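These notes concern the structure reproduced below.
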Amino acid sequence: MTTPISLTVNGEPRRTSAATIADFVRELGLKPEKVAVEHNGEIAPRSTLEQVALCDGDQLEIVHFVGGG
86 MTTPISLTVN GEPRRTSAAT IADFVRELGL KPEKVAVEHN GEIAPRSTLE QVALCDGDQL
146 EIVHFVGGG
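So in the working numbering, spot 38 of the sequence shown is number 123, and the numbers just go up one at a time.
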């Protein structure tokens with residue numbers, strides 16, 4: 086089992102055992118292909134979310150897209 090790490094997500098402290106950004110996004114109940122993520126001040130391309138490892142102290146800004154009419 087992975088040791089939980091501390092993150093700041095959209096300005097709020099969070100703890101997670103997720104290994105990657107994509108894992109964390111799924112933990113939030115969102116689909117990685119439907120979000121935009123800023124990781125430590127840099128936009129993380131959606132195609133890399135499965136590979137970008139999370140580290141203790143990382144800062145994420147996550148925006149998810151909602152469709153409607």
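Think of the CB as a built atom: it goes at the ideal place given N, C-alpha and C, for glycine as much as any other residue.
A quick note: this is a predicted structure, and the numbers were derived from the prediction, not measured.
Got a sec, what are the start and stop residues for the alpha helix (DSSP H) ALA107 sits in? It spans 106-112 - the alpha helix (DSSP H) in which ALA107 sits, taken as one unbroken run.
Can you pull the DSSP bridge partners for PRO98? Paired residues: THR93.
Helix, strand or coil: which one does DSSP assign to GLU135? Here DSSP, grouped into helix, strand and coil, assigns GLU135 to coil.
Tell me, please, which residues DSSP counts as bridged to LEU145. The partner list for LEU145 (beta bridge, DSSP) reads VAL94 and HIS124.
Within the same chain, show all residues whose beta-carbon is closer than 7 Å to that of ASP143, passing over the 5 residues directly before and after it, in chain order. Excluding the 5 residues flanking it on each side, ASP143 has same chain C-beta neighbours closer than 7 Å at LEU92, HIS124 and ASN125, in chain order.
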